[in-house]
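Just so we're aligned, residue 1072 is where the sequence shown starts under our numbering, counting upward by one. From the three backbone atoms N, C-alpha and C, an ideal C-beta is built for every residue, glycine too. To start, the structure under review is shown below, and the notes come after it.
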Amino acid sequence: MTQQASALPQRDVRIIGLVGAAHFASHFFQLVLPPLFPFIRDGLGVSYTQLGVAMAVFYAVSGIGQVAAGFLVDRYGPQRILPAGIALFGLATILAGLAAAYWMLIVVAIVAGLGNCVFHPADFSVMTARVTPSRLARAYSIHTVSGTLGWAAAPVTLLLLNDLLDWRMALIVTGAAGIVFALYVATQHLFLRVAPHEPHAADTTRPAQGAASTAQLLFAAPVVLCFVYFTLLSIAQTGMQSFLPSLMPHVQAITFAFATTATTVYLVASATGSLIGGFLADRTSNHERIVGGGLVGAGVLTLALGYIPLALATAFATVAVAGFLTGITIPSRDMLVRSATPAGSTGKIFGFVYSGLDLGAMLAPVAIGLFLDGGQAHLAFAFMAAALIGTITAAFLVKWGTRRAAVRVTNI
1072 MTQQASALPQ RDVRIIGLVG AAHFASHFFQ LVLPPLFPFI RDGLGVSYTQ
1122 LGVAMAVFYA VSGIGQVAAG FLVDRYGPQR ILPAGIALFG LATILAGLAA
1172 AYWMLIVVAI VAGLGNCVFH PADFSVMTAR VTPSRLARAY SIHTVSGTLG
1222 WAAAPVTLLL LNDLLDWRMA LIVTGAAGIV FALYVATQHL FLRVAPHEPH
1272 AADTTRPAQG AASTAQLLFA APVVLCFVYF TLLSIAQTGM QSFLPSLMPH
1322 VQAITFAFAT TATTVYLVAS ATGSLIGGFL ADRTSNHERI VGGGLVGAGV
1372 LTLALGYIPL ALATAFATVA VAGFLTGITI PSRDMLVRSA TPAGSTGKIF
1422 GFVYSGLDLG AMLAPVAIGL FLDGGQAHLA FAFMAAALIG TITAAFLVKW
1472 GTRRAAVRVT NI
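What follows is the structure, encoded as structure tokens:
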């Protein structure tokens, strides 16, 4: 028993590291094309609007595909589905480098979307089943930070390869590296294998699946509320991550360059908050309170950015603290989803609720773009703050619904 217990930390580190590396790859490949858009635009003679449509196709396929990927993960196992997703991303990147016409970029977007859709269902299925429950929130936080690092690494890497080679070879080399990494992940199948319908041996906190139908499973109140939570949070996060450079010069005495730097500050602070949030979430079962405290603060600071003139240093500090407070809630968010997930259905549930991130990422640009075009940038900050407050409401309702479901199971 002593040897088995001492082996658990090493096993957890191996699993968390492997899944974190896969999530890094997922976010890295999401951003391989955007840094090269000016070169792709000139090379293929396309417009930025057309490139934007290709990215919209990618996120649409990914969002819809996540639900199906969740079922595949639960049926065939993450050890098969995860390497396949990485390989599809690598293949899509190679095809982008070989593209001779715009329609090929649409094919690339579809293939890449199919690759991207597997990561959240597969990653969370592995972590939830294989990581010791007392370390699970920290595993979730490292998973989040790994993805953020992937986003940060992609533009630097692709622009460097473009300078050394050209945009086509940069994509081909990157795609080939992705396929090599997929083969490596496939060799680690023993660490990724999850026995069907078997939760972690030490995990007694999750409800049994019973004989619930697929519709009952996905449209149970706590699961639907998790989906709403993810959608609202994604609206706020997408607005801050994607539109801060465009919004801040309209509401603060700040240049576009400084606003772009503020976005980086927001991402770094969010990643830092997520790491700390993992330790907090492992020490409490009241995850909705962490979400409530963090997002109330983030919402107030978001409003301040839009409505109160701030000195440059104060504006940067406000962005940093808002990012930190949002990040600190992320592990608790995933623990709330876990608490609403019946044993053996992790892939399905996480695939379904995480598709809310893609929905939010599609809705936010439309709304915020309308505010910008209408000369009402401050309303965009109110919109994002309102989404954060809505997220808090959803979190408390998830907790309430999960408790009610547990009581009903106990009384049966």
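Exercise. The alpha helix (DSSP H) spanning S1217 covers which residue range?
Worked result: L1207 to L1235
Problem set entry | Chain-order list of residues whose beta-carbon lies under 8 Å from that of F1454 (same chain, five-residue window excluded) | I1306, G1310, A1438, I1439 and F1442
For this session: Count the other CB atoms, across all protein chains shown, that sit within 10 Å of the CB of T1331; report buried if there are 16 or more and exposed otherwise.
Result: T1331 should be labelled exposed.
Exercise. How about R1239 and G1168: are their beta carbons less than 8 Å apart?
Worked result: yes
Problem set entry | Unbroken alpha helix (DSSP H) run spanning G1168, endpoints | P1149 to L1169
Exercise. For V1124, which option in I1177, A1224 and T1258 has the closest C-alpha, if you only look at C-alpha atoms?
Worked result: With distances taken between CA atoms, V1124 lies nearest to I1177 out of I1177, A1224 and T1258.
Exercise. Nearest CA to the CA of S1410: which residue from G1431, W1471, G1368 and L1351?
Worked result: W1471
For this session: Would you kindly work out how many angstroms separate the C-alpha atoms of S1205 and D1353, rounded to a whole number?
Result: 6 Å
Exercise. Alpha carbon to alpha carbon, what distance is there between D1083 and T1326?
Worked result: 45 Å
For this session: Return the CA-CA distance between L1407 and P1380, expressed in angstroms with no decimal places.
Result: Roughly 36 Å separates the two Cα atoms.
Exercise. Does DSSP classify A1432 as helix, strand or coil?
Worked result: If DSSP states are grouped into helix, strand and coil, A1432 belongs with the helices.
Exercise. How many Å lie between L1450 and Y1378 at the Cα?
Worked result: 9 Å
For this session: Output the residue ranges of the alpha helix (DSSP H) runs that lie fully inside the segment 1408 to 1471 and measure 4 residues or longer, sorted by chain position.
Result: 1417 to 1444
Exercise. How about the segment 1212 to 1225 and the segment 1360 to 1372: do they share at least three Cβ pairs that are nearer than 8 Å?
Worked result: no
Exercise. Measuring CB to CB, does F1423 end up less than 8 Å from V1294?
Worked result: yes
Exercise. Out of R1112, R1146 and L1374, which has the shortest C-alpha to C-alpha gap to V1322?
Worked result: L1374
For this session: Could you please give the first and the last residue of the uninterrupted alpha helix (DSSP H) stretch that includes L1242?
Result: W1238 to T1258
Exercise. Do you know how far the Cα of D1429 is from the Cα of V1138?
Worked result: 12 Å
Exercise. Residue range of the alpha helix (DSSP H) that F1327 falls in?
Worked result: From DSSP, the alpha helix (DSSP H) with F1327 extends over F1327 to A1352.
Exercise. Which word fits D1444, buried or exposed, when buried means at least 16 other C-beta atoms lie within 10 angstroms of its C-beta?
Worked result: Label assigned to D1444: exposed.
Problem set entry | Distance, R1146 Cα to P1270 Cα | Note that P1270 has pLDDT 48, beneath the 50 cutoff, so the model's placement of it is unreliable and the number below is only indicative. Spanning the two alpha carbons is a distance of roughly 15 Å.
For this session: Please report the Cβ distance between L1185 and G1148, rounded to the nearest whole angstrom; I am assuming they are in contact, meaning their Cβ atoms lie under 8 Å.
Result: The Cβ separation is near 18 Å, so there is no contact.
For this session: Look up F1099 in the DSSP assignment and say whether it is helix, strand or coil.
Result: helix
For this session: Starting from the Cα of H1358, find the closest Cα among T1397, P1402 and T1334 and give me that residue.
Result: P1402
Problem set entry | Distance between beta carbons of S1341 and T1397, contact taken as under 8 Å | 6 Å
For this session: Would you kindly report the start and end of the unbroken alpha helix (DSSP H) that includes P1109?
Result: F1108 to L1115
Problem set entry | Inter-residue Cα distance where the pair is R1360 and A1171 | 52 Å
Problem set entry | Assigned exposure category for V1251 - 16 Cβ within 10 Å defines buried | exposed
For this session: With DSSP as the reference, label L1396 as helix, strand or coil.
Result: helix
For this session: Please go through the same chain and pick out, in chain order, the residues whose beta-carbon is closer than 8 Å to the beta-carbon of M1198, but skip the five residues on each side of it.
Result: I1086, I1087, V1090, L1207, A1210, Y1211 and H1214
Problem set entry | Reference L1304; option with closest CA among I1347, T1400 and H1094 | T1400
For this session: Report the residue from A1291, P1109 and F1142 whose alpha carbon sits nearest the alpha carbon of F1190.
Result: F1142
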